[in-house]
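Per this note's numbering, the sequence shown runs over residues 2 to 253.
All residues carry an ideal CB built from backbone N, CA and C; glycine is no exception.
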Amino acid sequence: MTLISEQEPTKQKNTHKRKIIIAVVLLLIIAAVIFTTNYKAKKEQEAELPKMTVQEKKARFKSLIVPAVDHVYSQLMVRYEKIKAKIDAGESDAEIEALKTEYKATSNDELLMALKPHPKSIAIAQAAMESSWATSRFFRVANNIFGVWSFDEDEPRVAALQKRGDKTIWVKEYDSIEAAVYDYYRTMGRSHAFVEFRETRMTTDDPFILVTKLDRYSEKGSLYGEELTSIIKFNKFHLYDDEDAAGETGDD
Numbered sequence: 002m003t004l005i006s007e008q009e010p011t012k013q014k015n016t017h018k019r020k021i022i023i024a025v026v027l028l029l030i031i032a033a034v035i036f037t038t039n040y041k042a043k044k045e046q047e048a049e050l051p052k053m054t055v056q057e058k059k060a061r062f063k064s065l066i067v068p069a070v071d072h073v074y075s076q077l078m079v080r081y082e083k084i085k086a087k088i089d090a091g092e093s094d095a096e097i098e099a100l101k102t103e104y105k106a107t108s109n110d111e112l113l114m115a116l117k118p119h120p121k122s123i124a125i126a127q128a129a130m131e132s133s134w135a136t137s138r139f140f141r142v143a144n145n146i147f148g149v150w151s152f153d154e155d156e157p158r159v160a161a162l163q164k165r166g167d168k169t170i171w172v173k174e175y176d177s178i179e180a181a182v183y184d185y186y187r188t189m190g191r192s193h194a195f196v197e198f199r200e201t202r203m204t205t206d207d208p209f210i211l212v213t214k215l216d217r218y219s220e221k222g223s224l225y226g227e228e229l230t231s232i233i234k235f236n237k238f239h240l241y242d243d244e245d246a247a248g249e250t251g252d253d
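Structure, rendered in structure tokens:
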């Protein structure tokens, strides 16, 4: 009896401690959820844009997007030329094999098709269309300039405000615009949906031919290529593919 009576207060004390610990953990979880919610709300509020004219909107878009596309395109072209030189010389190394795995290429020809970057004018036009000239919510809060969806719950991503039926749509969140541009080129280089686009790209750099092969990028189908053509022509984005004429781009 003495032993039991001595243990009982200790058990009660330990139970009380556990309850306190559980309560503290729950409070921390609630505080974290509130902080995250408030942070995201504040981030979206800060990302709201002032009213702009069409000219101001396009000027802002170009200042944000064109330098990023220029930089990524240059890097990708340097890599393409390096790998092409190795393959033309009959070389094969760990870098080539790793790239084949990353880009799902089963041959050297497929790898070169995957690595060759398509004209900047197409990337810029798609960015304009998919982000409403860098004003969309996904761009403002997630640097997602191309409307790239996310199917991985473990990667940074942002939920769409509207659902499709009972399904939540998620898009990727990027650390920078350049990261978004690189991921876009990577997707275009490895997705099965753009095999014909990649094959055509090896025979021509004409953006007006290439955009006709992007019907699977959008639910708009063939209309998507027609809209891209209009955007490229009206805004003279094709001049960005000609370094000597790039400074002449502007709006009609």
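Tell me the residue span of the beta strand (DSSP E) that contains residue i.
{"i": "residue 59", "result": "Here residue 59 belongs to no beta strand (DSSP E); instead the alpha helix (DSSP H) covers 55–89."}
{"i": "residue 214", "result": "Where residue 214 is concerned, there is no enclosing beta strand (DSSP E), given that its DSSP letter is neither H nor E."}
Can you tell me where the alpha helix (DSSP H) holding residue i begins and where it ends?
{"i": "residue 159", "result": "Residue 159 -> not in any alpha helix (DSSP H); beta strand (DSSP E) instead, spanning 158–160."}
{"i": "residue 173", "result": "Where residue 173 is concerned, there is no enclosing alpha helix (DSSP H), although the beta strand (DSSP E) it sits in stretches over 171–173."}
{"i": "residue 226", "result": "223–235"}
{"i": "residue 203", "result": "Residue 203 -> no alpha helix (DSSP H), and no H or E assigned at all."}
{"i": "residue 243", "result": "No alpha helix (DSSP H) holds residue 243; DSSP gives it neither H nor E."}
Looking only at its own chain, which residues have a Cβ that is under 7 angstroms from the Cβ of residue i, when we skip the five neighbours before and after it?
{"i": "residue 129", "result": "62 and 232"}
{"i": "residue 230", "result": "209 and 212"}
{"i": "residue 225", "result": "215, 216, 218 and 219"}
{"i": "residue 74", "result": "118 and 121"}
{"i": "residue 1", "result": "Look at the range of the chain in this structure, 2 to 253, and you will see that residue 1 is not part of it."}
{"i": "residue 69", "result": "178, 179 and 182"}
{"i": "residue 151", "result": "158, 171, 172 and 173"}
{"i": "residue 223", "result": "216"}
My output table needs one value for residue i: the three-state DSSP class, helix, strand or coil.
{"i": "residue 168", "result": "strand"}
{"i": "residue 46", "result": "The predicted position of residue 46 is uncertain, since its pLDDT is 44 and thus under 50; no value can be drawn from it."}
{"i": "residue 176", "result": "coil"}
{"i": "residue 18", "result": "helix"}
{"i": "residue 220", "result": "coil"}
{"i": "residue 41", "result": "Bear in mind that the predicted position of residue 41 carries a pLDDT of just 47, short of 50, making it unreliable; the figure below should be weighed with that in mind. Looking at residue 41 - three-state DSSP - the assignment turns out to be helix."}
Looking at C-alpha atoms only, which residue of the options is the closest neighbour of residue i?
{"i": "residue 187", "options": "56, 77, 66 and 212", "result": "77"}
{"i": "residue 115", "options": "106, 150, 210 and 73", "result": "106"}
{"i": "residue 104", "options": "91, 162 and 81", "result": "81"}
{"i": "residue 173", "options": "166, 146 and 70", "result": "146"}
{"i": "residue 90", "options": "73, 169, 60 and 109", "result": "109"}
{"i": "residue 142", "options": "117, 167, 175 and 192", "result": "175"}
{"i": "residue 212", "options": "51, 21 and 227", "result": "227"}
{"i": "residue 193", "options": "135, 57, 111 and 58", "result": "111"}
{"i": "residue 207", "options": "190, 132, 224 and 234", "result": "234"}
{"i": "residue 217", "options": "200, 97, 238 and 195", "result": "195"}
{"i": "residue 256", "options": "171, 242, 219 and 201", "result": "Nothing about residue 256 can be reported from this structure: the residues present for the chain run from 2 to 253 only."}
{"i": "residue 198", "options": "151, 65, 163 and 123", "result": "123"}
{"i": "residue 205", "options": "242, 169 and 185", "result": "242"}
{"i": "residue 60", "options": "155, 134 and 160", "result": "134"}
{"i": "residue 239", "options": "67, 75, 150 and 154", "result": "67"}
{"i": "residue 71", "options": "56, 94, 23 and 125", "result": "125"}
{"i": "residue 184", "options": "166, 163 and 149", "result": "149"}
{"i": "residue 132", "options": "167, 23, 65 and 95", "result": "65"}
{"i": "residue 236", "options": "152, 127 and 163", "result": "127"}
{"i": "residue 139", "options": "98, 21, 56 and 161", "result": "161"}
I'd like the list of long-range same chain contacts for residue i, defined as Cβ closer than 6 angstroms, with 5 residues on each side in sequence excluded.
{"i": "residue 54", "result": "none"}
{"i": "residue 101", "result": "112"}
{"i": "residue 190", "result": "104 and 115"}
Quick one: what's got a C-beta closer than 8 angstroms to residue i's C-beta in the same chain, skipping five residues either side?
{"i": "residue 144", "result": "174, 175, 176, 177, 178, 180 and 181"}
{"i": "residue 221", "result": "228"}
{"i": "residue 113", "result": "81, 84, 85, 88 and 203"}
For the stretch 87–163, which segments carrying the alpha helix (DSSP H) assignment without a break, of at least 4 residues, lie completely within its bounds, in sequence order? If we require 4 residues or more, the alpha helix (DSSP H) runs fully inside the stretch 87–163 come out as 95–103, 109–116, 121–131 and 138–143.
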